[in-house]
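Student:
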Amino acid sequence: MVAAPEELLELDRRLVWHPYGPMPATSAPLAVASAEGVRLKLEDGRELIDGMASWWCAIHGYRHPVLDAAVRDQLERMAHVMFGGLTHEGAVRLAERLARWTGMDHVFFADSGSVSVEVAIKLALQYWHGERTRLMTVRGGYHGDTFGAMAICDPDGGMHSMWKGVLPTHVFAPLPEWSETWAAETRELAARHAHELAAIVVEPIVQGAGGMRFYAPECLALLRELCDEHGMLLVFDEIATGFGRTGELFAGTGFGPDIMCVGKALTGGYMTLAATLCRAHVAERVDGPLMHGPTFMANPLAVACALASTQLLEDGGWRDDVARIDRGLRARLPPDARVLGAIGVIELDEPVKMERATRIAVEHGVWLRPFRNLIYCMPPYITSDEDLARITEAMVACA
Ligand SMILES: *Cc1c(COP(=O)(O)O)cnc(C)c1O
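Under my numbering, the first residue of the sequence shown is numbered 588, with each subsequent residue one higher.
1) Check this for me: beta carbons of T979 and R919, under 8 angstroms apart or not?
2) Under 7 angstroms from any heavy atom of ligand 1, does the C-beta of S641 make it?
3) Using only the alpha-carbon positions, how far apart do D936 and G638 sit?
4) Closer than 6 angstroms by C-beta to D845: which residues in its own chain qualify, once you throw out the five before and the five after it? Chain order, please.
5) Apart from the five residues on each side of it in sequence, which residues of its chain come closer than 7 angstroms, Cβ to Cβ, to C892?
6) My output table needs one value for I978: the three-state DSSP class, helix, strand or coil.
7) Taking 7 angstroms as the cut-off, is the beta-carbon of G731 closer than that to any non-hydrogen atom of ligand 1?
8) When burial is assigned at 16 or more other CB atoms within 10 Å of the CB, is D743 buried or exposed?
9) Sorry if obvious, but does the Cβ on V949 come closer than 7 angstroms to a heavy atom of ligand 1?
10) Where does the unbroken alpha helix (DSSP H) through H782 begin, and where does it stop?
11) So what does DSSP say about I739, is it helix, strand or coil?
12) Using only CA atoms, which one of A620, L809, V983 and G931 lies nearest to T945?
13) In this structure, how does DSSP classify Y714 when only helix, strand and coil are distinguished?
14) Report the partner residues of A622 according to the DSSP bridge assignment.
15) What's the C-alpha gap between E934 and E816?
16) Can a CB atom of chain B be found closer than 8 angstroms to the CB of V753?
17) Between which two residues does the beta strand (DSSP E) carrying G677 extend?
18) Nearest by alpha-carbon distance to F695: which of L754, L864 and T970 is it?
19) When the Cα atoms are used, what is the spatial distance from T897 to F830?
20) Tell me the residue span of the alpha helix (DSSP H) that contains H817.
21) On the DSSP bridge assignment, give the partners of G931 in chain order.
22) Three or more C-beta pairs under 8 angstroms: does that hold for the region 868-886 against the region 625-632?
23) According to the Cβ coordinates, are P967 and G700 closer than 8 angstroms?
24) Any chance the CB of I636 is under 7 angstroms from a heavy atom of ligand 1?
25) I want to know whether the region 798-815 touches the region 763-772 - three or more CB-CB distances under 8 angstroms.
26) Give me the Cα-Cα distance between L602 and P611, rounded to the nearest whole angstrom.
27) How should E825 be labelled, buried or exposed, when 16 other C-beta atoms within 10 angstroms of its C-beta is the threshold for buried?
28) Straight-line CA distance for C644 to Y714?
29) Which residue's Cα is closest to the Cα of D972: D907, V949, L961 and C985?
30) For L955 versus G931, is the C-beta distance shorter than 8 angstroms?
31) Of the residues I969, H716 and F958, which one's Cα is nearest the Cα of A986?
32) Once DSSP output is grouped into helix, strand and coil, what is the label at L776?
33) Helix, strand or coil for D637 per DSSP?
34) Is it the case that the Cβ atoms of H757 and A738 are separated by a distance below 8 angstroms?
35) According to DSSP, is D824 helix, strand or coil?
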């Protein structure tokens, strides 16, 4: 690194937009020089245990020798090739594995989670040939930042007020908290709008960026039933829950979705890749070609990395690791914290003071990125018990 840290941060502040941030930025980011295992190494020499797995993606940790080798090997052959009119073995093998794991029949490779949600929406709309054009979802969800995806994010926590008049308006069932009242309201809403509803789209079991809530599988069973009754497609956004995070390989495959989105941990957090999967009966009714084709569709480097990451899952001890982290979080977080698999959440009564929380976590040698009133961790599965203890201590200290 040539620039002095202060110079780098000043340029960053003036030039570079950060997620959900103003320009110029009002708070300074930490500069990361490298990362290894579960540790981020900062430019100033400090080391932080990554409690976020880089927004839930780096499930095997950083610089994993198998993933590094897979990317290096692929680089010897080709970094990229277009996917229109061409194919490559990696893409076919990865599609085969994803189909086998999910019970789906077809795979569309997208270049980010949000785009895979857009593709899922297009699939559902093309399935209905324009006859049905609205979607149903539940409150509290998050599905990405592109316009189609934003329109099914929680209307309060999301950006609906900012984009009023621009976003399509969809049908929102109450927060998925299982009860007879919830079931009755959701059932009534589905019946009332069935004639215009192409699909129901939800994150199964865990609502991530919409509020880090967990909900009962009974809700998913009811949504499946409503889809069968009224002919809607059931779409599961497993971008956050996929690849073991909840303790299951996927949180919702047991409830028979017609379409699924995966992303985030697909490449083990090395680079961006996502996929939209569907059952054969969906593809059969889609009207003509599916109208989507990203420039970097099925990028060979990303695909090679995803093959290596999913191979590690196939071989590996992830199930034991996630169960071990689940036990560790339950033992160490306060009794009112929420824990599921490798997800731990402390919900506060008021919004987190971000700068204070970040400073306290960093003083504990831990990287956390709370939002709203939520202090949470989603650590890499390889996090040791000792490092997990540091993460939970930091979470408690921030709260
Ligand atoms: C992160 C996320 C997305 C968006 O994925 P990007 O890769 O950021 O576009 C969509 N749905 C869920 C459930 C997510 O957690």
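Beta carbons: idealized from backbone N, C-alpha and C, even for Gly. Computed from a prediction, not measured in an experiment: that's the story for all the values here.
Tutor: In short:
1) Within the sequence shown, numbered from 1, the residue matching residue 979 stands at position 392. Within the sequence shown, numbered from 1, the residue matching residue 919 stands at position 332. The Cβ-Cβ distance between T979 and R919 falls below 8 angstroms.
2) Within the sequence shown, residue 641 is the residue found at index 54, counting from 1. Not so, every heavy atom of ligand 1 lies at least 7 angstroms from the Cβ.
3) The residue you call residue 936 lines up with position 349 of the sequence shown. The residue you call residue 638 lines up with position 51 of the sequence shown. Rounded to the nearest angstrom, the two C-alpha atoms are 22 angstroms apart.
4) One-based indexing of the sequence shown puts residue 845 at position 258. Around D845: L820, L821, R866 and V869.
5) Along the sequence shown, read from residue 1 onward, the residue named residue 892 stands at position 305. So the list reads L654, A657, V658, T854, G855, Y857 and M858, once near-sequence residues are dropped.
6) By 1-based counting over the sequence shown, the position of residue 978 is 391. In the structure shown, I978 sits in a helix (DSSP, three-state: H, G or I).
7) As a first step, residue 731 is located in the sequence shown; it is residue number 144 there, counting from the start. Between ligand 1 and G731, a heavy atom-to-CB distance of less than 7 angstroms is present.
8) On the sequence shown, residue 743 is found 156 positions in, with the first residue counted as 1. D743 should be labelled exposed.
9) Within the sequence shown, numbered from 1, the residue matching residue 949 stands at position 362. It does not: the Cβ of V949 is nowhere closer than 7 angstroms to a heavy atom of ligand 1.
10) By 1-based counting over the sequence shown, the position of residue 782 is 195. From DSSP, H782 is part of no alpha helix (DSSP H); its letter is neither H nor E.
11) In the sequence shown, counting from the first residue as 1, residue 739 sits at position 152. Three-state DSSP puts I739 in coil, outside helix and strand.
12) Counting from one through the sequence shown, the residue named residue 945 turns up at place 358. With distances taken between Cα atoms, T945 lies closest to V983.
13) As a first step, residue 714 is located in the sequence shown; it is residue number 127 there, counting from the start. Secondary structure at Y714: helix, using DSSP grouped into helix, strand and coil.
14) Locating residue 622 in the sequence shown gives position 35, counting from the first residue. Looking at the DSSP output, A622 bridges to L627.
15) The count along the sequence shown starts at 1 and reaches residue 934 at position 347. The count along the sequence shown starts at 1 and reaches residue 816 at position 229. In a straight line, the C-alpha of E934 is about 37 angstroms away from that of E816.
16) Among the chains of the structure shown, chain B does not appear; only one protein chain is present.
17) Walking along the sequence shown from the start, residue 677 turns up at place 90. No beta strand (DSSP E) contains G677, which is instead part of the alpha helix (DSSP H) from E676 to T689.
18) If you number the sequence shown from 1, residue 695 lands on position 108. When only C-alpha atoms are compared, the closest one is L864.
19) Taking the first residue of the sequence shown as 1, we reach residue 897 at position 310. Taking the first residue of the sequence shown as 1, we reach residue 830 at position 243. Straight-line Cα distance between these residues: approximately 8 angstroms.
20) Here the question's residue 817 lines up with position 230 in the sequence shown. H817 -> alpha helix (DSSP H) spans P804 to H817.
21) Position 344 of the sequence shown, counting from 1, holds the residue named residue 931. Bridge partners of G931: V926 and C964.
22) Per the Cβ contact rule, the region 868-886 is not in contact with the region 625-632 (fewer than 3 Cβ pairs under 8 angstroms).
23) Taking the first residue of the sequence shown as 1, we reach residue 967 at position 380. Taking the first residue of the sequence shown as 1, we reach residue 700 at position 113. For P967 and G700, no; Cβs fall outside 8 angstroms.
24) One-based indexing of the sequence shown puts residue 636 at position 49. No, ligand 1 has no heavy atom inside 7 angstroms of this Cβ.
25) Segments in contact, yes.
26) In the sequence shown, counting from the first residue as 1, residue 602 sits at position 15. In the sequence shown, counting from the first residue as 1, residue 611 sits at position 24. Inter-residue distance for L602 and P611 is about 8 angstroms (C-alpha atoms, whole angstroms).
27) As a first step, residue 825 must be located in the sequence shown, where it is residue number 238. E825 is buried by the Cβ-count criterion.
28) Here the question's residue 644 lines up with position 57 in the sequence shown. Here the question's residue 714 lines up with position 127 in the sequence shown. Here the alpha carbons of Y714 and C644 stand approximately 31 angstroms from one another.
29) In the sequence shown, residue 972 corresponds to position 385, counting from 1. For the options D907, V949, L961 and C985, the alpha carbon positioned closest to that of D972 is the one of D907.
30) Within the sequence shown, the letter at position 368 stands for residue 955. Within the sequence shown, the letter at position 344 stands for residue 931. At a Cβ-Cβ threshold of 8 angstroms, L955 and G931 do not count as neighbours.
31) Position 399 of the sequence shown holds residue 986. For A986, the nearest C-alpha among the options comes from F958.
32) By 1-based counting over the sequence shown, the position of residue 776 is 189. Taken through DSSP and simplified to helix, strand or coil, L776 comes out as helix.
33) By one-based count along the sequence shown, residue 637 stands at place 50. When secondary structure is reduced to three states using DSSP, D637 falls in the strand class.
34) Within the sequence shown, numbered from 1, the residue matching residue 757 stands at position 170. Within the sequence shown, numbered from 1, the residue matching residue 738 stands at position 151. The criterion of a C-beta distance shorter than 8 angstroms is satisfied by H757 and A738.
35) Indexing the sequence shown from 1 puts residue 824 at position 237. Annotated three-state conformation of D824 is strand, per DSSP.
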